[in-house]
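What follows is one structure encoded as structure tokens, with my remarks underneath.
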Amino acid sequence: MLQGLTGIHLVIILGIVLLLFGATKLPALAKGVGQSINIFKKEMDNDDRKKDGTASSDAAANASAAPVQQPTTQYPSSNGVQQPIVNPGPSGQPNGDSRSL
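Going by the working numbering, the first residue of the sequence shown is number 6, and it counts up by one from there.
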């Protein structure tokens, strides 16, 4: 398939890439490709470790680092009466507005 590809063909392809992306964007493009390859290799290693039955320390660290939002309780001090206000967060329940859309 690529047996007829010679040095002159590679120079022509490089020239076309240079014209399309410009000389200033090529280093950023190469950096992005390198980072993508590194991420791919790490994920392949993690997949191999999971198949072997050993958990990756990166996966365990990422799972434990996930933030959990806790409900907050506020105590306003108006008129000297303190009543707790509990904010349970989004629950998917209707807000009591009976108007239809």
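Built from N, CA and C at the ideal position, the CB exists for glycine as well.
Residue i in three-state terms, based on DSSP
| i | result |
| --- | --- |
| residue 12 | helix |
| residue 7 | coil |
| residue 21 | helix |
Delimiting residues of the alpha helix (DSSP H) encompassing residue i
| i | result |
| --- | --- |
| residue 37 | 31-57 |
Short Cβ contact (8 Å threshold) for residue i with residue j
| i | j | result |
| --- | --- | --- |
| residue 31 | residue 23 | yes |
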